[in-house]
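Read left to right, the sequence shown gives residues 210 to 317 (our numbering). For glycine and all other residues, C-beta sits at the position ideal for the given N, C-alpha and C.
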Amino acid sequence: MTEPLVFKVTRAAPEMVPPAAPTPYEFKELSDIDDQEGLRFLMPLIFFYKKSDRSTLRECDPAKVIKEAVAKALVPYYPFAGRLRERPGRKLVVECNAEGALFIEAHA
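Right under this line is the structure:
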């Protein structure tokens, strides 16, 4: 029988990555397709990226590059930097408030 894979993970404090430029403040209603009771659950995600020996980013901090790219992407996709809110009748809306996306750097 093989031994289980064990590795140590250290993670930095969670931080918010806001859009790189100002975005509109508004409320956007979710469509009826997106606002179904059966879809109201949280799916925690974790992404792993293998370090490449052929990378052109040898002198760069990969986490910094990712954070900067996310900040730039949040400008045209600004609702992803907002927060879900529930209105009367259990209708969900996105408050586009530019709070940002959660980012946690980790090393294994």
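Inset, instruction - From the DSSP output, in three-state form, read off R299 for me. - result: Along the sequence shown, one-based indexing puts residue 299 at 90. Helix at R299.
Legend entry - Span separating the alpha-carbon of V284 from that of M210: Locating residue 284 in the sequence shown gives position 75, where the first residue counts as 1. Locating residue 210 in the sequence shown gives position 1, where the first residue counts as 1. Going from the Cα of V284 to the Cα of M210 covers about 50 Å.
Legend entry - Validate contact between the region 225-237 and the region 304-315 using beta carbons, cut 8 Å, 3 pairs: yes
Inset, instruction - Say whether the region 276-283 touches the region 217-230, bearing in mind that this needs 3 or more beta-carbon pairs closer than 8 Å, one atom from each stretch. - result: yes
Inset, instruction - Reducing DSSP to helix, strand and coil, say where V226 ends up. - result: Indexing the sequence shown from 1 puts residue 226 at position 17. Correct three-state label for V226: strand.
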